[in-house]
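Engineer: Numbering (the numbering used here), first residue to last: 122 to 232.
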Ligand SMILES: [Zn+2]
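(1) Verify whether the separation of the beta carbon atoms of residue 157 and residue 210 is less than 9 Å.
(2) How about residue 132 and residue 189: are their beta carbons less than 9 Å apart?
(3) The alpha helix (DSSP H) that contains residue 221, what's its start and end?
(4) Between residue 168 and ligand 1, is there a pair consisting of the residue's CB and a ligand heavy atom that are separated by less than 8 Å?
(5) Grab the span of the alpha helix (DSSP H) containing residue 229 for me, first residue to last.
(6) State buried or exposed for residue 192, treating a residue as buried only when at least 16 other CB atoms are found within 10 Å of its CB.
(7) Please determine whether the Cβ atom of residue 143 lies at a distance below 8 Å from any heavy atom of ligand 1.
(8) Using the rule of at least 16 other Cβ atoms within 10 Å of the residue's Cβ for burial, across every protein chain shown, is residue 195 buried or exposed?
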């Protein structure tokens, strides 16, 4: 079961804590190994592979200074928090590890 523990932030937003147990490690060793020749911001934050920048790229909303993933419907609640970081891409091979409610369309897609 890929779902990790879901809890509530101080703002009432549902969040998921990435962990090895749920197969979700953000900005971990694998990421850093792949981006050591340069980061463009389009890399999957789980594995460091290019995730693309188009409208089909999915991702997650990150808060807690990079420690937690916010539910797609609760991002607005969390936006005022100083530790809110916004949307980051997750590639097609990694997105299956993210519970459906936490997958968010690319808000930066050109068209
Ligand atoms: Zn990935």
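Ideal placement from N, C-alpha and C gives every residue a C-beta, glycine not left out.
Structural biologist: In short:
(1) In this structure, residue 210 does not lie closer than 9 Å to residue 157 by Cβ.
(2) No, these two residues do not count as a Cβ contact at 9 Å.
(3) No alpha helix (DSSP H) contains residue 221, which DSSP labels as neither H nor E.
(4) Yes, since a heavy atom of ligand 1 falls inside the 8 Å radius drawn around the Cβ of residue 168.
(5) Unbroken run through residue 229: none, as it is neither H nor E.
(6) With 16 or more other Cβ atoms within 10 Å, it is buried.
(7) No.
(8) Burial of residue 195 is indicated by the presence of at least 16 other C-beta atoms within 10 angstroms of its C-beta.
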